[in-house]
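Residue numbers (full-length UniProt numbering): 1 to 775. Positions of the beta carbon are idealized from the N, C-alpha and C atoms, including for glycine. Notes follow the structure.
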């Protein structure tokens, strides 16, 4: 090969490599430009989203529904509710229609007792619980009109397509014909077949794998018109049961003026009382499998007869339960209809009351103290003698299991747990507890009705759990703090975070000082996020700025409010009567403190600081005006008046970095040298620009510092036009510098909120133009 040919080949290779480099550079440049364009579009979209959020939250007339929607969007609670592929044996079902059919078959199978009618247990002899009878009811036009007007137009309609919007806004035209229709149904004892069809919405239980069908709960969407008739029936039956005292007090679920906290107060008081006498306590928490789906219709009708319900009303309820069909709807895809042979529809008005009646006789033959909240069942027994106590508990478990077999209810022994609560250092050996031939698992802590109970009855586990949840929510708010107005952050804290701390706080108020400090830290962190304050700002100053009380004080207010309700019979009778000292004073003399409650003696500190004993002491220290308050509202108002919360609403207005600096100046901890010096964060408290020993505090920065003279003229001109247009700027500045700097930071009670806000805007512009506080 000649040299010319070699040179030509090398030249060709160089040209090809150059071409390749050029193409690589072009591709690289293209990707860089494309990536920059994508990032720009993302920034623009994020900026538009932030602007929309700020505008939406800044509206004065923001309705609660819109606030909740925006809050859930910001906090990420509007997660995708689509149902992922479901496991069917070894297959994954992805199609919506197939998933609907699969879930419908599963839910329908749960609403079937799985036995032939002849194989079901025989009913016991009928014995009435009352001589009274409820055999027929009449729908009243006033009640029907009230229920129609109470219809929520935002709720989904049922299979008939009649929305609550129509019922609410056409109530005046509909109530008379609907009343006639309801009375015809009540008189004939026939429930319309069209109203016995339900669209089932699968709702995830927030635990377990989303691909498993058993982790979904069937919520029935019923006809909106049928719910009006259910309310009429519910009112008649519930009032009949209440008047004749038929429903047991041990079940606190689905009752007026009752709640989980009421039952937890009773349980913990009994445990504290036993521990104070040196006795241990055994608590068993039973798990019921598919309680609402396994209600035996024939057994329920039998128990309704025992309650004295008969005639056309009993026929109507029997017809209401029979012949029901359901279909699952997923993303507009509807499964075929399937019949249900057991259970009460979840999502109905009448279902919870029927379930209460069905489990009403569960306590018959039980020696231990039994407590229920719907299907959450617990047994509490003081351990006087170990062998006798556990023999009694095992006997009660046998009784419960026998009752469950009689009424086709299933207690899940694998998920049932028991807890030994003791203050002893050396805990003796306890024999096993057996349910349905299965040894029940012993645990050291258990979450019952949202409250974590441990074997020492201390609240460390519960407080650690709720603090963890609160900090997770605050982390989400913290990431969005730069786009959320302060007023919105405060509302989010009160709605999503403080509500967790408020639940059952009257019970765990006797927690340790370390646990109490952990709870206060949650609120302190929320205050720092909302105000933009520096972390080492004094806690009392932060609370005063936001207008919040200490959570310890808040718990005390809740305890006193609860005691007022107990003393004035605003809670169920079992809570009003669980200690006789509420009802009378043993003294017959009209003394100054005759209205005091008699304190209860205790041996242990835990019982001494428990809800009842501590609240009685706090109650006796109240003023006569509070003790003799005529209503719950006036009692709360007087309690809040004593707290003296003096935060101004204008402090929560505004948004941006200058707003945070303005708040820091008001809190007394900012980048000014005097503020840092007071907190031992610097050794120099003097201004770096002004000659002499001029202390750089808020007044010096706003009124005197020579560095910001030009910007201060603009500030004072704006303030002069708002406060006193006829006065000279120099006179305004020299008149009272201390007072002027104070109203620039804190506002004035003599001015309207709008004027104060305009004055604050002038200060914001001064802070921005002075550039004293760099980001």
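Could you give the DSSP three-state label for residue i: helix, strand or coil?
i	result
residue 325	strand
residue 154	coil
residue 709	helix
residue 254	coil
residue 218	strand
residue 179	helix
residue 417	strand
residue 105	helix
residue 588	Any reading at residue 588 must be qualified, since the residue scores a pLDDT of 49, below 50, and its modelled position is unreliable; no value is offered.
residue 93	strand
residue 738	helix
residue 576	helix
residue 369	strand
residue 112	coil
residue 766	helix
Have a look at residue i and residue j and give me their C-alpha separation to the nearest angstrom.
i	j	result
residue 654	residue 526	18 Å
residue 178	residue 322	23 Å
residue 319	residue 233	13 Å
residue 503	residue 261	8 Å
residue 277	residue 385	14 Å
residue 303	residue 403	14 Å
residue 774	residue 532	14 Å
residue 279	residue 631	40 Å
residue 823	residue 434	Here the chain covers residues 1 to 775 and nothing more, so residue 823 does not appear.
residue 739	residue 766	18 Å
residue 684	residue 662	22 Å
residue 648	residue 491	15 Å
residue 536	residue 530	15 Å
residue 10	residue 3	10 Å
residue 768	residue 657	9 Å
residue 534	residue 753	26 Å
residue 571	residue 664	45 Å
residue 451	residue 274	19 Å
residue 591	residue 623	Here the model assigns residue 591 a pLDDT of 47, short of 50, so the residue's position is not dependable and the matter cannot be decided.
residue 810	residue 100	With the chain covering only 1 through 775, there is no way to say anything about residue 810.
residue 585	residue 397	The predicted position of residue 585 is uncertain, since its pLDDT is 46 and thus under 50; a value taken from the coordinates is nonetheless stated next. Using only the alpha carbons, I get a separation of about 41 Å.
State yes or no: is the C-beta of residue i within less than 8 Å of the C-beta of residue j?
i	j	result
residue 148	residue 174	yes
residue 443	residue 419	yes
residue 162	residue 284	no
residue 616	residue 599	yes
residue 379	residue 393	yes
residue 524	residue 542	yes
residue 421	residue 455	yes
residue 410	residue 289	yes
residue 390	residue 344	no
residue 65	residue 200	no
residue 702	residue 744	yes
residue 505	residue 558	yes
residue 205	residue 216	yes
residue 222	residue 71	no
residue 695	residue 686	yes
residue 317	residue 358	no
Here's the rule I'm using: 16 or more other beta-carbon atoms within 10 Å means buried, otherwise exposed. How should residue i be labelled?
i	result
residue 308	buried
residue 674	buried
residue 700	buried
residue 414	exposed
residue 670	buried
residue 121	exposed
residue 709	exposed
residue 68	exposed
residue 355	buried
residue 850	As shown, the chain starts at 1 and ends at 775. That puts residue 850 outside it, with no answer to give.
residue 508	buried
residue 692	exposed
Within the same chain, show all residues whose beta-carbon is closer than 6 Å to that of residue i, passing over the 5 residues directly before and after it, in chain order.
i	result
residue 154	none
residue 760	none
residue 770	708 and 711
What does a CB cutoff of less than 8 Å around residue i pick up in its chain, not counting 5 residues either side in sequence?
i	result
residue 312	135, 136, 186, 187, 188 and 189
residue 211	84, 85, 86, 87 and 92
residue 105	338
For residue i, I'd like the list of residues in its chain whose CB is within less than 7 Å of its CB, leaving aside the five on either flank, ordered along the chain.
i	result
residue 519	463, 467, 501 and 551
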